[in-house]
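Final position of the sequence shown in my numbering is 371; the numbers increase by one with none missing.
C-beta atoms are modelled at their ideal positions from N, C-alpha and C, and glycine is treated no differently.
The structure appears right after this line, and notes come after that.
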Amino acid sequence: MILLFIIIGITKSNAPGTLSCLTFLSEFLCEEPGYCIWDGTKCLDYTQNQDCYRINEIGACRDNGIYSSVGGSSLCEPLSKLENEYKNVCGITNIVDYNYVRYPIITTGFSTHSLSGLTVAQLKISAPQQNYIYQVLSVNIQIAKNPDLQLILDLYKTYEGELVKPYIHCPYQIEKALVQTLQNLRDDTTSLSSGDKQATMMKFWSIVDVYLKRLQIHKKNYQSYNYFLNFLQCSFSRLFMTLKGQGHTITISWSKYKKNGLIQLISYSPKMFGITTALSDVIYVNILGEDAMAYTDIENMKISYIQESGTLTNVVRKLKFITDKIQIPHQVMTYTINSAACDSTERECEFSFPSPLTNSTFTFYVEQ
Ligand SMILES: *[C@@H]1O[C@H](CO)[C@@H](O)[C@H](O)[C@H]1NC(C)=O
């Protein structure tokens, strides 16, 4: 009888995701099962449900797993739908939160060298040249620790003159670097100083500027969705652009302009920047005339926010504006734009900008 219990005990404890993390005694043993964190000296369970997205072993969230609601800490749920594209298997709820989508980490190559063996420093000092550009793009951003990540972003900036030329497979190449940078920063488990986070974000936004320059010569109408970082561009003559976020759609429309030009949008995850009360993504808007100069002479710009399902109460909501998109967490301005009372039948809120616009760039989100 005792033997039977021991056998049952062993079988049970061997099921993936059921052993307490404290039982793993080295960094390797700790990381291998895919549901624990090594704090430098010991192996620990996650204790915050914001960390559920980091788990790779779905057994840890299923019944009897250490984070499950049946027989565990009730921290995480297994996702009900799995996508090839991403790695997430557990969440706070059983739906993947776009703020926390994890793209698989490709471990080929190096974060300090190009694939042909040139160091990041060598690539940087050799006068940026066309035949090195693919060496630059081969440095692995995903596996870089933060100091190396910052050096890679500096390297990209050095190559700006090459990156904005039409011959390279941009904008995709720069876009990939931006998505990987944001994921790297979000998922860094070392305790980064706020100075390092901000320095990384400052470099991130300077590469965004390079990207937006490249996009201008790519094609007029463009969009690319990556869950927590999305890119859109269209010409003024389209009169509207639509951004799809999780469970909602934002439409930006306008009616008049004096010459043609481009509206560029970058939308990104609010939670990564400490905003937990947003209904929409954070949206950075950049408006340019045909001459690539900042442009504001656009009339009747409106934002329509539509929630896909559930209820949206018919109260007045606010557009909030970000003071400085480098800061983590983001700070908001006292300036806001109020909606008319939202329409609870259509689940829609509408906001009107000053007409004509007063700013050619601004960053906002829709507040709950
Ligand atoms: C518009 O630009 C002015 C001047 O640069 C700035 O002070 C203000 O905060 C900007 N407004 C928004 C909503 O970004």
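- Per DSSP, which residues does isoleucine 301 bridge with? Please list them. Tyr260
- Message: Within a Cβ cutoff of 6 Å, which residues of the same chain sit near lysine 90, ignoring the five residues on either side of it in sequence?
- Response: Arg105, Pro107
- Leaving aside the five residues before and after cysteine 33 along the sequence, list all residues of the same chain whose C-beta is less than 6 Å from its C-beta, in chain order. Phe27, Cys39, Trp41, Cys46
- Item | the segment 180-192 touching the segment 123-138, judged by at least three CB pairs closer than 8 Å | no
- Would lysine 323 be called buried (16 or more neighbouring beta carbons within 10 Å of its own) or exposed? buried
- Going along the chain, which residues of its own chain have a beta-carbon closer than 6 Å to the beta-carbon of tyrosine 260, five neighbours each way excluded? Phe239, Ile301
- What do you get for leucine 85, buried or exposed, if any count of 16 or more other CB atoms within 10 angstroms of its CB means buried? exposed
- Beta carbon of asparagine 102, beta carbon of serine 272: below 7 Å? yes
- Just tell me which of Tyr170, Ile171, Tyr135, Ala124 has its CA closest to the CA of isoleucine 155. Ala124
- Could you tell me how far apart the beta carbons of alanine 18 and glycine 74 are, in whole angstroms, since I believe they sit closer than 8 Å? At roughly 11 Å, the Cβ-Cβ gap does not stay under 8 Å, so alanine 18 and glycine 74 are not in contact.
- Query: So, do the segment 207-216 and the segment 141-160 have three or more beta carbon pairs nearer to each other than 8 Å?
  - Reply: yes
- Message: At a cut-off of 6 Å, would you count threonine 362 as near ligand 1, judging by its Cβ distance to the nearest heavy atom?
- Response: One detail in the question is off: residue 362 reads as asparagine in this sequence, not threonine. Yes, the beta carbon of asparagine 362 sits closer than 6 Å to at least one heavy atom of ligand 1.
- Task: Measure the alpha-carbon distance for isoleucine 144 versus leucine 118 and round it to whole angstroms.
- Result: 13 Å
- Query: For tyrosine 38, which residues does DSSP report across the bridge?
  - Reply: Paired residue(s): none; tyrosine 38 is not in a bridge.
- Which value, in whole angstroms, describes the spacing of the CA atoms of proline 357 and isoleucine 220? 29 Å
- Might you give, ordered along the chain, the residues of its own chain that have their beta carbon closer than 6 Å to the beta carbon of glutamine 176, omitting 5 neighbours on each side? Leu140
- Query: CB of phenylalanine 354 to nearest heavy atom of ligand 3: below 6 Å?
  - Reply: Although ligand 3 was asked about, the structure shown includes only ligand 1 as ligands.
- Output the boundary residues of the alpha helix (DSSP H) element that contains valine 92. Segment: none, valine 92 is in no alpha helix (DSSP H) and carries neither H nor E.
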